[in-house]
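Structure first, commentary second.
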Amino acid sequence: MSKASVIDFFRVCHSDTKLLEKFEQKNLPEVIFHAKSLGYSFNGEELAEVIGGMEAQIIIERMGEAIGANSSLWRKMWGKSRLHYVVEELFQAFSEAELKQFLN
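Structure representation (structure tokens):
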């Protein structure tokens, strides 16, 4: 299991909209299970660490805000599934070089 697998999963979801749509309606255990069947092996903790790192960097460094209930990032998830928000608002915001920081 690895954070690299999380990034790879987000990458394929970003490039394959049909796959993203397939996963959008699944809950966390289902996402992890079905992602594993496609060769992406990660657990909920690794997924949360990567997502949390992305959110923190966007909020603190790019938006110049404190992490809290009033962060303007949270408005970007309104009306979207969690996975769609993660792929389109978080993952997409980082270059390939920047994504490497989330592997540690």
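Heads up: the sequence shown begins at 1 in the UniProt record's numbering, then just goes up one per residue. Ideal Cβ positions, reconstructed from N, Cα and C, are used throughout, including at glycine. Since the structure is predicted, the reported quantities are computational estimates derived from the model, not experimental observations.
| Asked | Found |
| --- | --- |
| Through-space distance from residue 15 to residue 73, alpha-carbon basis | 23 Å |
| Limits of the unbroken alpha helix (DSSP H) element including residue 65 | No alpha helix (DSSP H) holds residue 65; DSSP gives it neither H nor E. |
| Where residue 102 falls, given that 16 or more other Cβ within 10 Å makes a residue buried | buried |
| Test item: CB-CB of residue 42 and residue 6 under 7 Å | yes |
| Straight-line gap, residue 19 to residue 88 (C-alpha atoms, nearest Å) | 14 Å |
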